[in-house]
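Number of protein chains: 2
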Amino acid sequence: MAEIINFSETARSTDNALADLQALFADDLLGVESGISKHMQSAADLIPAISEHLIGAGGKRLRPLLTLSAARLSGYEGHHHITMAAAVEYMHTATLLHDDVVDDSDMRRGKPTARKLWGNSASVLVGDFLLGQAFRMMVAAESLPALDILSHAAAVIAEGEVMQLAAMNNAQISEDQYLQIIDAKTAALFSAAAEVGGEISDASPAQMQALTSYGRNLGIAFQLIDDALDYGSIEQVLGKNTGEDFREGKMTLPVILAYHRGDASARVFWETVMAEPSEIDHEARFAQAVQHMSETHALADTVARATHYGEKAKDALSLFPDSETRAVLLRLVDFCIARAY
Amino acid sequence: MAEIINFSETARSTDNALADLQALFADDLLGVESGISKHMQSAADLIPAISEHLIGAGGKRLRPLLTLSAARLSGYEGHHHITMAAAVEYMHTATLLHDDVVDDSDMRRGKPTARKLWGNSASVLVGDFLLGQAFRMMVAAESLPALDILSHAAAVIAEGEVMQLAAMNNAQISEDQYLQIIDAKTAALFSAAAEVGGEISDASPAQMQALTSYGRNLGIAFQLIDDALDYGSIEQVLGKNTGEDFREGKMTLPVILAYHRGDASARVFWETVMAEPSEIDHEARFAQAVQHMSETHALADTVARATHYGEKAKDALSLFPDSETRAVLLRLVDFCIARAY
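Protein chains in written order, with our numbering: chain A, 1 to 341; chain B, 1 to 341.
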């Protein structure tokens, strides 16, 4: 089911820019991890148990790394970037807990979800706790403008999730509607994470715009690649974690492209399988979905769209002078897109 | 099933202090309502629909009134108390949306719950949106100490809900454990609502302590009366909204008192019905529960406990000079307790 297409050498790059970024901020990340551990303690045992399950087990820390990088790019010399980065990861984790409830997800990062292990109620409430703690941490960093950025992002993320919920099972949404959804549900936090790093550093308005643009476009690219991966990586056979979006009738760009480009019978197929996901026919339907995507180049072009946003992200950073941090952030864009292969 | 007991004339007072408080702050409340309406607008239609259903239909606005009152008691002359009060109501509404999901509730304030009408997913996400908006409003009020108070309360409320979830179906929890739960899940927001009113007014440390104490103790009293009401008002026949806590196996003070004071067979009864709520036997079991409470004076003494906290709340306000606001706040305590009759 692989699609044979051409990609730039850049996008094929397999060097691990994320690992390099983690190495570059190893000291700061120790502080972030310590802040993360400290704020999940509670007299209610479920809180550290669930928090540890999801946040303690060492995620990529991609969003906090954006905060740390933005602060360093902007010449920050204080210590609030650590607290702010930990707060960003808490916000992210709170949304994951709630997303898994909303999506009825059973697996995340190769492990059973919190809702599978502890139930929906506990997941909702511990998500609320983490969001409250995130705001406490942000307050501790004593920047009202940074708080404004992150509280705005919190509302926008929820707004994006609600829009996605309303678009569920509807094969006819447009690419633009979909971009509005992921701009809110995913890119808003990438953007805010970078912005607050600049904000606490008193970055110039132009630098703030650059950081916003980098975060936002990287976030969109990241989400589009995630969408493509749900239908299998482009050059490899389908993995075990594919088909979740399809199973839920969740509209993503590969589906939107395949639907718009498909013939009448393909459109009937998409309208049916999106509107009425079926566990019984899942395997056969999913194979047919991937076949339709292959015929319409939907996956390859989803990656092409992601590459477009990735390029915008990279150009945004030109405003900052050359530095090791900037170089790794540029490579990070390619790395995120290369996940699709 | 009524219990015949003596109550102070104060507690029997039937004058409507809440209506008086609303009248006293009529102008401010117009501003609060306007802030509430403004911040529920969104491109995602579900957001204003659900928000309007729950928050727009005019609740008591008890918590925002605490913020407004505390600001006036502390001599505040700015305009941020309006924004802060609206933010407090948003926080409250967000917790209601999530509570109804956690409790599987079908009815609230005599109407179907949002989760019943729009589903659990929408309720979780719109709750998240309202919480994000609450923080945005707080940021707009430009007080880091007030933000600290409310973000701390947000985490503590969730912590209380998690503790309550862990105590579900367990008839053996102690009164002290239970007080810890309601101190967090209910009293923390009453307290924070009053505190931020003082905080933005530069109230003295002693005044801040007084406002915290008033809010907290009023909150505990309010919750205990709510708990009693779920098993029917004391002097009237059981209403239509009783039995919800019992149906869910939710531990509350009336159950704790009846369990601790009951004989061996009563304890077996409580252990059974709390551990395994049953829809089939509900009516018969509920009647027996109320009978046990009557025999052990559990409802009357829950009200007595509430009265104790109410008195603490009133004493806390002695620190403020006599004023119309203070007088109504004192009567508000009696009004909250008189709901039990």
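Glycine included, C-beta positions come from ideal geometry on N, C-alpha and C.
What is the rounded straight-line gap between the Cα of residue i and the Cα of residue j?
i: B/Arg12; j: B/Val328; result: Legend: pLDDT at B/Arg12 = 46, less than 50; position of this residue unreliable, value from coordinates given subsequently. Distance between the alpha carbons of B/Arg12 and B/Val328: 16 Å.
i: B/Ala86; j: B/Gly35; result: 6 Å
i: B/Leu62; j: B/Ser37; result: 17 Å
i: A/Ala43; j: A/Leu117; result: 20 Å
i: B/Leu317; j: A/Asp183; result: 49 Å
i: B/Gly403; j: B/Lys185; result: The structure shown does not extend to residue 403 of chain B, since chain B is modelled only from 1 to 341, so the question has no answer here.
i: B/Gln133; j: B/Gln223; result: 26 Å
i: B/Val139; j: B/Leu147; result: 7 Å
i: B/Leu249; j: A/Tyr178; result: First, the amino acid is wrong: residue 249 of chain B is Gly here, not Leu. B/Gly249 and A/Tyr178: Cα-Cα distance of roughly 43 Å.
i: B/Arg331; j: A/His39; result: 39 Å
i: A/Tyr341; j: A/Ala266; result: 26 Å
i: A/Asp99; j: B/Gln180; result: 30 Å
i: A/Gly239; j: B/Phe129; result: Residue placement at A/Gly239 cannot be trusted, given a pLDDT of 48 that sits under 50; what the coordinates show is reported in the next sentence. Each residue's Cα considered, the two are about 34 Å apart.
i: A/Leu229; j: B/Ala192; result: 45 Å
i: B/Glu159; j: B/Gly31; result: 31 Å
i: A/Ala306; j: B/Glu161; result: 41 Å
i: B/Met163; j: A/Ala206; result: 47 Å
i: B/Ile337; j: B/Ala17; result: 11 Å
i: A/Val303; j: B/Arg108; result: 47 Å
i: B/Gln41; j: B/Val124; result: 17 Å
i: B/Arg339; j: B/Ala23; result: 20 Å
Can you tell me where the alpha helix (DSSP H) with residue i in it begins and where it stops?
i: A/Met137; result: 120 to 140
i: A/Met293; result: 282 to 296
i: B/Met251; result: Unbroken run through B/Met251: none, as it is neither H nor E.
i: A/Lys38; result: 26 to 38
i: B/Phe335; result: 324 to 338
i: B/Leu229; result: 205 to 229
i: B/His53; result: Note, B/His53: premise wrong, no alpha helix (DSSP H); not H, not E.
i: B/Thr67; result: 62 to 73
i: A/Ser151; result: 144 to 167
i: B/Gly198; result: 188 to 199
i: B/Gln180; result: 175 to 182
i: A/His81; result: 80 to 102
i: A/Glu271; result: 264 to 275
Give a yes or no on whether 8 Å exceeds the smallest Cβ distance from residue i to chain A.
i: B/Arg305; result: no
i: B/Met40; result: no
i: B/Thr161; result: Here residue 161 of chain B is Glu; the residue named in the question, Thr, does not match the sequence. Taking Cβ atoms only, chain A reaches closer than 8 Å to B/Glu161, which makes this a yes.
i: B/Arg326; result: no
i: B/Asp132; result: Here the sequence assigns Gly to residue 132 of chain B, which means Asp is not the residue at that position. It does; some Cβ of chain A falls within 8 Å.
i: B/Ser151; result: yes
i: B/Phe320; result: no
i: B/Phe269; result: no
i: B/Val126; result: yes
i: B/His98; result: yes
i: B/Ile47; result: yes
i: B/Glu175; result: no
Any beta-carbon of chain B closer than 8 Å to the one on residue i?
i: A/Thr139; result: Strictly speaking, residue 139 of chain A in this sequence is Val, with Thr absent from that position. Yes, A/Val139 counts as interfacial toward chain B.
i: A/Glu52; result: no
i: A/Arg136; result: yes
i: A/Ser105; result: no
i: A/Val88; result: no
i: A/Ser37; result: no
i: A/Gln22; result: no
i: A/Leu189; result: no
i: A/Gly239; result: Residue placement at A/Gly239 is poorly supported in this model, since its pLDDT is 48, which falls under 50; the coordinates still yield a value, given next. For A/Gly239, the answer is no, since every Cβ of chain B falls outside 8 Å of its Cβ.
i: A/Glu248; result: no
i: A/Ala114; result: no
i: A/Val196; result: no
Looking at C-alpha atoms only, which residue of the options is the closest neighbour of residue i?
i: A/Val268; options: A/Leu165, A/Phe335, A/Arg285; result: A/Arg285
i: A/Glu279; options: A/Phe246, A/Leu319, A/Ala298, A/Trp118; result: A/Phe246
i: B/Ser105; options: B/Leu319, B/Thr242, B/Glu199; result: B/Thr242
i: A/His295; options: A/Asp315, A/His282, A/Arg261; result: Going by the sequence as given, residue 295 of chain A is Glu instead of His. Comparing Cα-Cα distances from A/Glu295 to each of A/Asp315, A/His282, A/Arg261, the minimum goes to A/Arg261.
i: B/Glu52; options: B/Phe135, B/Glu159, B/Gly127; result: B/Gly127
i: B/Lys312; options: B/Tyr214, B/Leu257, B/Thr113, B/Glu283; result: B/Tyr214
i: B/Ala188; options: B/Ile82, B/Val88, B/Arg326; result: B/Val88
i: B/Ser74; options: B/Ala194, B/Glu161, B/Pro254, B/Met137; result: B/Ala194
i: B/Ala203; options: B/Leu24, B/Tyr76, B/Ala19; result: B/Tyr76
i: B/Ala94; options: B/Met251, B/Thr83, B/Ala114; result: B/Ala114
i: A/Ala166; options: B/Leu46, B/Asp322, B/Asp28; result: B/Leu46
i: B/Gly310; options: B/Asn217, B/Trp270, B/Leu319; result: B/Asn217
i: A/Ala298; options: A/Leu29, A/Trp270, A/Leu253, A/Asn170; result: A/Leu253
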